[in-house]
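**Q** For the protein sequence lines, the chains are A and B, in the order given.
In this text, residue positions in the first sequence follow UniProt numbering: the first is 1, and each later residue adds one.
In this text, residue positions in the second sequence follow UniProt numbering: the first is 1, and each later residue adds one.
The C-beta atom is built at its ideal place from N, Cα and C for all residues, glycine as well.
Nothing here was measured: the structure is a model prediction, and the numbers come from that model.
Before we start, here is the structure in question, set down as structure tokens.
Number of protein chains: 2
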Amino acid sequence: MNRRSNRRSFIKNAGLVAAAAGGSATLAAPAIAQSAPELKWRLTSGFPKSLDTIYGGAERFAKQVSEMTDGKFQIQVFASGEIVPTPGVVDAVQNATVEMAHTIVYYYFGKDPTFAFGGAVPFGLNARGQNAWAYYGGGNQLMNEFFAKFKMIGFPCGNTGAQMGGWWRKEIKSVEDMKGVKFRVGGFAGAVLSKLGVVPQNIPGGDIYPALEKGTIDAAEWVGPYDDQKLGFDKVAKFYYYPGWWEGGAQVHLLVNDEKWASLPKAYQAIVQNAAAHVNVDMQAQYDALNPKALRELVGRGVQLRAFSPQILEACFEAANQTYAEMSAKNENFKKVYESMKAFRNEENLWFQVADGTYDSFMFAQQRAGKLNP
Amino acid sequence: MNRRSNRRSFIKNAGLVAAAAGGSATLAAPAIAQSAPELKWRLTSGFPKSLDTIYGGAERFAKQVSEMTDGKFQIQVFASGEIVPTPGVVDAVQNATVEMAHTIVYYYFGKDPTFAFGGAVPFGLNARGQNAWAYYGGGNQLMNEFFAKFKMIGFPCGNTGAQMGGWWRKEIKSVEDMKGVKFRVGGFAGAVLSKLGVVPQNIPGGDIYPALEKGTIDAAEWVGPYDDQKLGFDKVAKFYYYPGWWEGGAQVHLLVNDEKWASLPKAYQAIVQNAAAHVNVDMQAQYDALNPKALRELVGRGVQLRAFSPQILEACFEAANQTYAEMSAKNENFKKVYESMKAFRNEENLWFQVADGTYDSFMFAQQRAGKLNP
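Quick look at the structure:
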């Protein structure tokens with residue numbers, strides 16, 4: 001079967017249907033039109049199909065919505081670049097080129113750095129903290145006030161957990177060693193690291209491997225063991241650092257055009273919200289189940305695991321605080337969301353170190369001592 | 001309005017309707033009968049209404065299901081004891097006295113210790129690990145093979161995170177100090193602690209405070225700061241220990257009678273599963289948002305926070321391993337689920353200590369140093 005031509009005819013048909021009905025909604029049998037209309041929507045993912053975890057989250061979201069509506073609400077998922085490239089996702093949702101997107105909003109840092117708080121920020125909240133802030137700390141409400149400027153509404157829809165600190169061709173023992181290193185890393189972390197002499201590089205996922213192989217760049221970060229292993233970075237950079245302090249818990253968003261959202265029946269809105277929350281917990285679980293095996297395999301192939309030294313982390317933390325202050329002085333939206341996240345972060349870290357932190361530390365020590373062996 | 005009499009007439013009506021239709025399903029207008037029938041189900045919670053977090057999870061679950069079905073699938077939530085006492089929940093679901101329940105399955109440890117793995121076990125998985133094992137590590141499938149013996153199917157539907165180690169009237173500096181202490185604690189932890197000379201006490205939540213006040217017991221564990229604060233334990237026991245190593249991430253379950261489940265249209269099954277997953281992530285977020293303030297207030301009222309010493313934790317861990325071995329020798333179901341959890345636990349603790357663990361440790365240290373202050 002030729003998937004590509006089928007997809008083309010789907011797009012074509014969907015377009016025709018939308019034109020005929022005066023919108024993207026096509027109405028089914030009149031008896032159930034009001035409460036359960038037949039809809040065909042398009043969702044663009046910010047990720048390539050090769051990432052079955054994070055791209056797969058959008059597929060799972062669409063499947064849940066379809067199953068909950070007996071197939072009446074169909075969401076067609078397109079990988080990054082199939083109809084919209086990742087950097088164009090916010091524009092595409094804003095202009096209703098697509099009804100929905102599934103992406104990490106820190107990709108739109110260049111548009112406005114406030115976006116980053118919805119995804120992950122340097123020394124920000126961990127995965128549980130990000131959920132708590134979003135759902136019960138006013139975080140999602142603040143992000144939605146901001147997203148409204150782009151005619152979007154957003155819902156947490158996945159998390160990777162704390163990411164790794166990337167693949168480095170040389171060992172980095174001190175802040176001095178970072179000077180002049182060409183590091184492929186996202187916008188916000190790049191702004192922080194440039195204060196320490198790192199030269200941040202903005203390179204799409206697919207181009208990282210050859211750049212690292214040729215030595216055009218000296219280091220690159222991507223996600224964590226499971227995703228990184230697929231790209232084969234261990235063949236061209238030996239040192240695998242942790243933690244990725246710029247992504248202590250990277251939250252993925254479902255973004256919906258606001259007018260399209262308002263046009264949905266209430267039951268469909270509830271269905272979308274529940275499916276998004278389902279994927280939010282499901283994706284974290286999948287990463288947590290897949291990463292250990294990948295980490296073992298990488299180490300088995302000779303990868304050298306290295307923790308960033310406390311001195312390096314302290315210097316990066318100081319540089320991050322300076323960056324926050326500078327951005328806050330220039331951008332009111334940024335300042336407002338930062339103050340909310342910062343206050344919440346202090347409280348979460350107060351509490352998490354008590355029951356969860358001591359429990360985890362004890363269990364980690366048992367693991368290292370070989371006492372958890374099955 | 002007299003809520004109680006309204007509830008009685010609801011129960012009565014639901015009973016009559018069920019009798020007329022030959023089941024608990026009542027059919028709506030014929031046009032949509034097959035795919036979206038009108039249903040009124042009953043859910044019994046294992047928790048009292050006073051626990052807005054964990055009891056509230058069932059209310060939120062029912063609200064999501066109602067909203068997703070335009071009010072067609074109504075689930076009436078009853079607090080513990082209103083129609084079924086907590087210890088009778090599994091029997092009630094098995095006999096279809098209620099269609100559903102929302103509880104922590106370790107409460108049914110006395111029926112079969114295998115139940116405990118679905119909730120929390122001594123030195124078991126943390127909250128993220130429990131989700132990963134359930135969704136992607138075969139855990140939920142194993143639990144459902146076991147639940148099938150009780151004519152039930154279960155879905156993760158909430159988590160408290162790591163709990164606290166309880167309220168102790170005297171400081172516990174060594175394993176010696178634990179000998180003879182009458183400690184209100186659940187069945188599995190009680191079995192472990194009795195090996196160290198602790199005298200476990202089985203007391204319902206509402207009776208703990210007077211027992212601790214009178215000195216009938218010397219110590220009691222409940223949940224964590226937010227829930228514990230409501231019961232006022234700080235007035236009768238000064239030392240608040242952590243971590244609750246018997247509940248490193250207590251998972252709450254939605255349990256459904258298997259025949260009732262099979263009778264649901266596929267779309268309703270999907271709706272129930274998505275609502276359960278939604279509550280699973282939502283409850284953890286709520287606990288994580290509420291616990292810090294409660295912890296601050298408790299400490300502000302003079303509560304003495306104490307970590308169990310490494311020596312105590314090591315001794316408890318050894319005693320837990322003995323208990324696992326004894327139970328495994330006597331119970332094939334238990335052994336099978338334990339082996340699965342144990343293998344998964346080793347892998348999770350290998351990975352979690354790398355990116356997440358070092359990230360959290362660094363942030364905890366900044367919090368203690370006052371560097372996260374808003």
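On the premise that F61 of chain A lies in contact with A250 of chain A, defined as a C-beta separation below 8 Å, what is that separation, rounded to the nearest angstrom?
**A** Your numbering for residue 250 of chain A matches position 250 in the first sequence. Your numbering for residue 61 of chain A matches position 61 in the first sequence. Not confirmed; about 17 Å, so no contact.
**Q** Which value, in whole angstroms, describes the spacing of the CA atoms of A101 of chain B and W246 of chain B?
**A** As a working mapping, residue 101 of chain B is identified with position 101 in the second sequence. As a working mapping, residue 246 of chain B is identified with position 246 in the second sequence. Whole-angstrom Cα-Cα distance: 23 Å.
**Q** Relative to chain E, which residues along the stretch 103-134 of chain A have a C-beta separation below 8 Å, given in chain order?
**A** Checking the listed chains, one finds no chain E in this structure; the protein chains it contains are A and B.
**Q** Which first and last residues belong to the alpha helix (DSSP H) in which I208 of chain A is found?
**A** The sequence position of residue 208 of chain A within the first sequence is 208, counting from 1. 205-214 is the span of the alpha helix (DSSP H), which, as asked, contains I208 of chain A.
**Q** Residue 431 of chain B to L298 of chain B, Cα distance in whole Å?
**A** Given a span of 1 to 374 for chain B in the structure shown, any question on residue 431 of chain B remains unanswerable.
**Q** Here's a check: name, in chain order, each residue in its chain whose Cβ is nearer than 7 Å to the Cβ of Q322 of chain B, leaving out the five neighbours to either side.
**A** Position 322 of the second sequence, counted from the start, is the residue given in the question as residue 322 of chain B. Within the same chain, Q322 of chain B has close Cβ partners K195.
**Q** Closest to G205 of chain B by CA distance: which of B:G166, B:E67, B:L350 is it?
**A** Residue numbering aside, residue 205 of chain B sits at position 205 when the second sequence is read from its first letter. Considering only alpha carbons, the answer is B:G166.
**Q** Nearest to D360 of chain A by CA position, among B:S66, B:N291, B:N346, B:G187, is which residue?
**A** For the purposes of this step, residue 360 of chain A is taken as residue 360 along the first sequence, with counting starting at 1. Selected option, being the one with the closest Cα: B:N346.
**Q** Restricting to Cα atoms, I'd like to know which of A:E221, A:Y107, A:W133 is closest to G187 of chain A.
**A** For the purposes of this step, residue 187 of chain A is taken as residue 187 along the first sequence, with counting starting at 1. Nearest C-alpha to G187 of chain A: A:Y107.
**Q** Counting contacts by CB-CB distance shorter than 8 Å, is L144 of chain A in contact with chain B?
**A** On the first sequence, position 144 is the one that residue 144 of chain A refers to. Residue identity check: residue 144 of chain A is Asn in the sequence provided, not Leu. Not one chain B Cβ lies under 8 Å of N144 of chain A.
**Q** Given that a residue counts as buried once 16 or more other Cβ atoms are within 10 Å of its Cβ, and exposed if not, what is E348 of chain B?
**A** Within the second sequence, the letter at position 348 stands for residue 348 of chain B. It is buried - the Cβ of E348 of chain B has at least 16 other Cβ atoms within 10 Å.
**Q** Go to S340 of chain A, then tell me how far its beta strand (DSSP E) extends in each direction, as first and last residue.
**A** Looking up residue 340 of chain A in the first sequence gives position 340. Careful: S340 of chain A lies outside any beta strand (DSSP E), inside the alpha helix (DSSP H) at 332-352.
**Q** Suppose you measure from the CA of G139 of chain B to the CA of A325 of chain A; what does that come to, to the nearest Å?
**A** Counted from its first residue, the second sequence places residue 139 of chain B at position 139. Counted from its first residue, the first sequence places residue 325 of chain A at position 325. Between G139 of chain B and A325 of chain A, the C-alpha separation is close to 46 Å.
**Q** Along chain A, which residues have their Cβ under 7 Å away from the Cβ of S35 of chain B?
**A** For the purposes of this step, residue 35 of chain B is identified with residue 35 of the second sequence, where counting begins at 1. The answer, in chain order, is D70.
**Q** Who are the Cβ neighbours of K182 of chain B in its own chain at under 7 Å, not counting the five residues just before and after it?
**A** Reading the second sequence from its first residue, position 182 is the one you call residue 182 of chain B. Contacts found: V199, Q201, I217, D218.
**Q** What's the C-alpha gap between D91 of chain B and N126 of chain A?
**A** The residue you call residue 91 of chain B lines up with position 91 of the second sequence. The residue you call residue 126 of chain A lines up with position 126 of the first sequence. As the crow flies, the alpha-carbon of D91 of chain B is around 40 Å from that of N126 of chain A.
**Q** What residues in its chain sit with their C-beta under 7 Å from that of N144 of chain A, if we drop five residues either side in the sequence?
**A** Here residue 144 of chain A is taken as the residue at index 144 of the first sequence, counted from 1. Excluding positions up to five away in sequence, the list reads I153, G154.
**Q** Ends of the beta strand (DSSP E) at Y136 of chain B?
**A** Position 136 of the second sequence, counting from 1, holds the residue named residue 136 of chain B. Taken as a continuous stretch (DSSP letters only), Y136 of chain B belongs to no beta strand (DSSP E), being part of the alpha helix (DSSP H) at 127-136.
**Q** In chain B, what lies closer than 7 Å to M164 of chain A by C-beta?
**A** Numbered from 1 along the first sequence, position 164 holds the residue referred to as residue 164 of chain A. Result: A355.
**Q** For M341 of chain B, which residues from the same chain have a beta carbon less than 8 Å from its beta carbon, with the 5 sequence-adjacent residues on both sides left out?
**A** Numbered from 1 along the second sequence, position 341 holds the residue referred to as residue 341 of chain B. Around M341 of chain B: F117, V121, G124, L125, W133, G139.
**Q** So with CB distances below 7 Å, who are the chain A contacts of Y359 of chain B?
**A** As a working note, residue 359 of chain B is residue 359 in the second sequence. By Cβ distance, chain A contributes N126, A162, P243, W245, G248.
**Q** So P85 of chain B contacts chain A; which residues on that side make the cut at Cβ distance below 9 Å?
**A** Taking the first residue of the second sequence as position 1, residue 85 of chain B is located at position 85. Those within 9 Å of P85 of chain B in chain A number zero; the least Cβ separation is about 29 Å.
**Q** Taking a cut of 8 Å between CB atoms, which residues from the stretch 219-230 of chain B lie near chain A?
**A** G224, P225
**Q** Between P265 of chain B and A162 of chain A, what straight-line distance do the alpha-carbon atoms span, to the nearest angstrom?
**A** Taking the first residue of the second sequence as position 1, residue 265 of chain B is located at position 265. Taking the first residue of the first sequence as position 1, residue 162 of chain A is located at position 162. A direct Cα-to-Cα measurement between P265 of chain B and A162 of chain A gives close to 39 Å.
**Q** In angstroms with no decimal places, state the Cα-to-Cα distance between G88 of chain B and V98 of chain A.
**A** As a working mapping, residue 88 of chain B is identified with position 88 in the second sequence. As a working mapping, residue 98 of chain A is identified with position 98 in the first sequence. G88 of chain B and V98 of chain A: Cα-Cα distance of roughly 51 Å.
**Q** Using the Cα positions of V256 of chain A and V93 of chain A, report the straight-line distance between them to the nearest angstrom.
**A** Start at 1 with the first residue of the first sequence, and residue 256 of chain A comes out as number 256. Start at 1 with the first residue of the first sequence, and residue 93 of chain A comes out as number 93. Roughly 7 Å separates the two Cα atoms.
**Q** If the criterion is Cβ atoms closer than 8 Å, does the pair residue 376 of chain B and Y287 of chain B meet it?
**A** Outside the modelled stretch of chain B, which goes from 1 to 374, sits residue 376 of chain B, for which no answer is possible.
**Q** Work out the CA separation of M283 of chain A and Q76 of chain A for me, nearest whole Å.
**A** Here residue 76 of chain A corresponds to residue number 76 of the first sequence, with the count starting at 1. Here residue 283 of chain A corresponds to residue number 283 of the first sequence, with the count starting at 1. Spanning the two alpha carbons is a distance of roughly 19 Å.
**Q** Give a yes or no on whether the minimum CB-CB distance between K335 of chain A and chain B is below 8 Å.
**A** Indexing the first sequence from 1 puts residue 335 of chain A at position 335. By this cut-off, K335 of chain A is not an interface position.
**Q** Which ranges does the alpha helix (DSSP H) cover as unbroken runs of at least 4 residues, wholly within the stretch 250-311 of chain B, from first to last along the chain?
**A** 258-263, 266-300
**Q** What is the DSSP secondary structure of K63 of chain A, counted as helix, strand or coil?
**A** Counting from 1 along the first sequence, the entry for residue 63 of chain A is found at position 63. Three-state result, K63 of chain A: helix.
**Q** Where does S50 of chain A land, buried or exposed, given buried means 16+ other C-beta within 10 angstroms?
**A** Locating residue 50 of chain A in the first sequence gives position 50, where the first residue counts as 1. Counting every other CB atom within 10 Å of its CB across the protein chains shown gives S50 of chain A a total below 16, marking it as exposed.
**Q** Check whether the Cβ of M100 of chain A lies closer than 8 Å to any Cβ atom in chain B.
**A** Taking the first residue of the first sequence as 1, we reach residue 100 of chain A at position 100. No, no contact with chain B.
**Q** List the DSSP bridge partners of R184 of chain B.
**A** In the second sequence, counting from the first residue as 1, residue 184 of chain B sits at position 184. When beta bridges are read from the DSSP output, R184 of chain B appears opposite B:Q201, B:A220.
**Q** What residues in its chain sit with their C-beta under 8 Å from that of L193 of chain A, if we drop five residues either side in the sequence?
**A** Start at 1 with the first residue of the first sequence, and residue 193 of chain A comes out as number 193. Once the five neighbours on either side are set aside, the close Cβ partners of L193 of chain A are M178, F183, V185, P200, C316, A319.
**Q** Could you name the residues of the same chain whose beta carbon sits closer than 8 Å to that of K230 of chain A, not counting the 5 residues immediately before and after it, in chain order?
**A** Locating residue 230 of chain A in the first sequence gives position 230, counting from the first residue. Closer than 8 Å at the Cβ level, and outside the excluded window around K230 of chain A, lie S50, L51.
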